[in-house]
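Data block below; observations after.
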Amino acid sequence: MCACKVNTNPNLPVAIEVILPDSARVEVTDTFRPSGQVLNGVGASLPDSLFWTSFDTTLRVVDSATGVSFGASVGIGRLQARTGNLYSNPQNVSVIPRLDSMTYADSTRQTLDFTPTDSTTDSLSDPLKIKTFATGGSASSRRVIFLPTTYPDSAAPVTLLPRDTVATFGDGTASVQVRLHPGALPDSVVITARMVKLHGDALPGSPVTFVVEIKP
């Protein structure tokens, strides 16, 4: 709920409820469509139309009747909805860099070899690192899911550090390390790194596959 006024007639509009999709985020060059409704004094929805405006050039309203807006540049854009003389509070929308693709940080395919010590608990692989390409800046704070598979599958499980799901750093990269545990050593561990676009669409370059060969 982002706007209200006092009215003695409960059937008249007193509030505007605004809903912002994708956690109020839109990628630069993409479109963003908010939604909203006008409420009366008892909280019921009214058929009154909303009109939308933007206070900032980072987010440009393309259609004032629907609120469809265009992410023009990276930054914070403020949207406002109104009906008659009733206005919503300005709503912040983050225009973020557009995630275009992902790949290996160092090469198109990477095989990392290492030899465990007598105590394999602290045996770590080298960092398995991906990088992203984005329009408008670095794709920071984007989720990357790493999934390990051991061969053979009867070997002891492995752990990914710091965890199997991480966020990209400020430079758009992300990495994990493989930790071995006591038990039967695998011959190799295959790790896939997956990302999707903001709306869940497939991201070019995903998944990225790493191979860690175990040489005891």
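Its first residue numbered 654, the sequence shown is counted upward by one per residue in this note's numbering.
Every residue gets a Cβ at the ideal spot worked out from N, C-alpha and C, and that includes glycine.
Quick check: what's the CA-CA separation for SER859 versus ALA820?
Here the question's residue 859 lines up with position 206 in the sequence shown. Here the question's residue 820 lines up with position 167 in the sequence shown. The alpha-carbon atoms of SER859 and ALA820 are separated by roughly 15 Å.
Do ALA734 and ILE669 have their CB atoms nearer than 8 Å?
Translated into positions along the sequence shown, residue 734 becomes position 81. Translated into positions along the sequence shown, residue 669 becomes position 16. The beta carbons of ALA734 and ILE669 sit closer together than 8 Å.
According to the Cβ coordinates, are VAL715 and SER778 closer than 8 Å?
For the purposes of this step, residue 715 is taken as the residue at position 62 of the sequence shown. For the purposes of this step, residue 778 is taken as the residue at position 125 of the sequence shown. The Cβ-Cβ distance between VAL715 and SER778 does not fall below 8 Å.
Provide the residue(s) that pair with PRO801 in DSSP beta bridges, ordered along the chain.
Here residue 801 refers to the residue found at position 148 when the sequence shown is read from its first residue. According to DSSP, PRO801 bridges with ILE844.
For ALA725, three-class secondary structure by DSSP:
As a position in the sequence shown, residue 725 is number 72, starting the count at 1. ALA725: coil per DSSP, three-state reduction.
Use the C-beta contact count for PHE708: other C-beta atoms within 10 angstroms, 16 or more gives buried, fewer gives exposed.
In the sequence shown, counting from the first residue as 1, residue 708 sits at position 55. Looking at its Cβ environment, which holds fewer than 16 other Cβ atoms inside 10 Å, PHE708 is exposed.
Are the Cβ atoms of VAL842 and VAL861 separated by less than 8 Å?
Here residue 842 refers to the residue found at position 189 of the sequence shown. Here residue 861 refers to the residue found at position 208 of the sequence shown. The answer is no: Cβ separation not under 8 Å.
Would you mind stating whether PHE835 and ALA808 have Cβ atoms separated by less than 8 Å?
Reading the sequence shown from its first residue, position 182 is the one you call residue 835. Reading the sequence shown from its first residue, position 155 is the one you call residue 808. One detail in the question is off: residue 835 reads as Pro in this sequence, not Phe. No, Cβ-Cβ distance for PRO835 and ALA808 is not below 8 Å.
In this structure, how does DSSP classify ASP675 when only helix, strand and coil are distinguished?
Taking the sequence shown and counting its residues from 1, the one referred to as residue 675 is at position 22. Note: ASP675 maps to helix in three-state DSSP.
According to DSSP, is PHE685 part of a helix, a strand, or is it coil?
Here residue 685 refers to the residue found at position 32 when the sequence shown is read from its first residue. Reduced to three states, the DSSP call for PHE685 is strand.
In terms of residues, what are the limits of the beta strand (DSSP E) holding ASP753?
Reading the sequence shown from its first residue, position 100 is the one you call residue 753. Counting along the chain, the beta strand (DSSP E) containing ASP753 begins and ends at 751–757.
What does DSSP give as the partner residue(s) for ASN742 in the beta ladder?
Numbered from its first residue, the sequence shown carries residue 742 at position 89. Bridge partners of ASN742: none, in fact.
Paired residues, beta bridge with SER698 - DSSP
What you label residue 698 is simply residue 45 of the sequence shown in a count that begins at 1. DSSP, once it has assigned bridges, lists LEU692 as partnering SER698.
Going by DSSP, what residue range makes up the beta strand (DSSP E) through ALA787?
Locating residue 787 in the sequence shown gives position 134, where the first residue counts as 1. For ALA787, the enclosing beta strand (DSSP E) covers residues 781–788.
Determine, using beta carbons only, whether VAL667 and GLY694 come nearer to each other than 8 Å.
Within the sequence shown, numbered from 1, the residue matching residue 667 stands at position 14. Within the sequence shown, numbered from 1, the residue matching residue 694 stands at position 41. Result yes, Cβ atoms of VAL667 and GLY694 sit closer than 8 Å.
Residues in its own chain within less than 6 Å of LEU800 by CB, not counting five upstream and five downstream?
Looking up residue 800 in the sequence shown gives position 147. Within the same chain, Cβ atoms closer than 6 Å to the Cβ of LEU800 are found at THR845, the five residues on either side in sequence being excluded.
In or out: LYS784 buried (at least 16 other Cβ within 10 Å) or exposed?
Taking the first residue of the sequence shown as 1, we reach residue 784 at position 131. Buried: at least 16 other Cβ atoms inside 10 Å.
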